[in-house]
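Only one structure is covered here, and it is reproduced in the block below.
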Ligand SMILES: [Zn+2]
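In our numbering, the protein residues as written are 5 to 387.
If you want it as C-alpha cells, here you go:
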C-alpha cells in the first residue's frame, strides 16, 4: 500500500499499518478459529438452531468465488443453507449462470431479492453526483439488510459471509464509508436527488442493534476452513461448471466500471493495490510482480467507451454531466449527515471500549465489529 491512502503510516522497518494489521488479525483470529474444535463447535451451534425450520443459515450469493465457495462448504458441512441473491439490476450473465449452476447441483433453495430499479437507479445516480467514493455503498447496505430481513422471515439466526484472509483483509477506511450507515445513504439521496426510497428496505441503526440482540450472527465461514482462493476456483469450475471473472468482484458491470474506472480516474484510487498487498503479505505474489501489474491500467482502453456509454445510458445521464462529475470537487461522507460518530468505531475510543466489553461478556456475537476491535487492539500495542 502507498500514500493513496491518506491515513497510512509506516513503522521503523518500513512496513505499513495495513500489513501489520493483517498480520496481527491473522495471528489472533486464525489461531483461534482454524482448528477442528472451533469448526465443529460452530457447526453444532448452527445445526442446533431453528430446528423447526427448513433452513439454519442464510448465504448471500453473488456468483463470485467467495460466496459460491461458502455455499458449497455450508452444504458439505451438513448445514441447511438458504441462498439469498440480491439483484440490483447490474448482474453480468456469468454471475447469474454461476448462481443457477451451483444452486441446482447442490439442491439448495434460492431466494432472489430484486431491488426496485426506479428507486435504486435514483439512489445510485445520487451517489455518483455526491462526489464521494461511496458509490457501491447502497448495494453493500441493501445486501446486508436483505440478508437480515430474509433470515428473520424464516427464523434463521446465522448468516454466512465470504470474508477471508486469502485475498482480503486490507482496505483503507478512507476508500469507502457507509455500508452500514442507512442514515448517510438516505441523506445523500435526499440532498442530491430528493426522491423517495420507500421501496428499498434499508436498515437503520435501531434495527441493526435490535437484530444483534435478537441473536443474529454473521459468520465468516471461510476463515474457519483455511480457504485458498486459487484451489477453490478450480474446485468450483470442476464440480459445478462455475466460471471465473477477470478482476476481483467484477461480477457486476457497475462494480467493474466503478472500481476499475471511476475510482481510479476521479480519485486516483486503485483498488488492485489493496488486493495485491494481501497476496504479497500471504506470500502468494512477489512485490515486483505486483508493482509490474500496477503499471498497467485498471480498465481496458479498448472497451472503455462502450462501458461508459452503457453505465451512462442505464443511469439516464448525459455525457456532459458525466464529464462534469469527473472534474467536480471530491467529497467524503463528512459532507453529508451520517451516523459515523457511532458506527465509525475505529475512531471512537469510547464506542470501541464498549464493543470490547460487550464481546468479552458474550453479549455481542463473534464476527460483529471484530475488525474494529482488532484494529483497536493493534493500536493499543503500538502504544
Ligand atoms: Zn504494507
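Even for Gly, the Cβ is constructed at its ideal location relative to N, Cα and C.
To the nearest angstrom, how far is the alpha carbon of residue i from that of residue j?
i           : j           : result
residue 113 : residue 86  : 6 Å
residue 84  : residue 51  : 8 Å
residue 320 : residue 304 : 23 Å
residue 217 : residue 306 : 51 Å
residue 202 : residue 360 : 35 Å
residue 262 : residue 139 : 8 Å
residue 413 : residue 182 : Nothing can be reported for residue 413, as the shown portion of the chain is limited to 5 through 387.
residue 68  : residue 274 : 20 Å
residue 230 : residue 38  : 7 Å
residue 212 : residue 292 : 43 Å
residue 330 : residue 269 : 8 Å
residue 252 : residue 168 : Confidence at residue 252 is low in this model, with a pLDDT of 48, below 50, so its placement is unreliable and no value can be given for it.
residue 311 : residue 299 : 22 Å
residue 234 : residue 240 : 10 Å
residue 57  : residue 153 : 16 Å
residue 332 : residue 12  : 25 Å
residue 18  : residue 6   : 11 Å
residue 164 : residue 120 : 25 Å
residue 49  : residue 55  : 11 Å
residue 62  : residue 324 : 43 Å
residue 221 : residue 347 : 18 Å
residue 358 : residue 151 : 26 Å
residue 147 : residue 289 : 32 Å
residue 14  : residue 281 : 14 Å
residue 20  : residue 177 : 14 Å
residue 215 : residue 308 : 42 Å
residue 166 : residue 103 : 15 Å
residue 318 : residue 100 : 19 Å
Are the Cβ atoms of residue i and residue j separated by less than 9 Å?
i           : j           : result
residue 122 : residue 206 : no
residue 226 : residue 127 : no
residue 22  : residue 174 : yes
residue 339 : residue 134 : yes
residue 294 : residue 283 : yes
residue 249 : residue 94  : no
residue 196 : residue 130 : yes
residue 158 : residue 228 : no
residue 145 : residue 116 : no
residue 92  : residue 199 : no
residue 28  : residue 243 : no
residue 160 : residue 106 : no
residue 302 : residue 272 : no
residue 3   : residue 79  : Since the first residue of the chain shown is 5 and the last is 387, residue 3 is not available in this structure.
Checking the sheet assignment: what are the DSSP bridge partners for residue i?
i           : result
residue 28  : Its beta-bridge partners do not exist; DSSP assigns none.
residue 221 : 162
residue 61  : 85 and 162
residue 116 : 89
residue 19  : Note: residue 19 sits in no beta bridge, so no partner.
residue 14  : 20
Measuring from the CB of residue i, is there a heavy atom of ligand 1 at a distance below 8 Å?
i           : result
residue 220 : no
residue 22  : yes
residue 19  : yes
residue 290 : no
residue 5   : yes
residue 51  : no
residue 178 : no
residue 66  : no
residue 281 : yes
When you compare each of the options to residue i by their alpha carbons, which one comes out closest?
i           : options               : result
residue 125 : 315, 334 and 166      : 315
residue 267 : 70, 136 and 19        : 136
residue 187 : 208, 168 and 197      : 208
residue 278 : 16, 324 and 25        : 25
residue 141 : 179, 155, 152 and 111 : 179
residue 194 : 346, 15, 341 and 143  : 341
residue 236 : 54, 219, 70 and 48    : 70
residue 246 : 53, 80, 34 and 73     : 73
residue 31  : 118, 96 and 285       : 285
residue 132 : 362, 322 and 344      : 322
residue 192 : 80, 287 and 337       : 337
residue 156 : 100, 81, 53 and 97    : 53
Residue i CB to nearest chain B CB: under 9 Å?
i         : result
residue 7 : Included in the structure is just one protein chain, with no chain B present.
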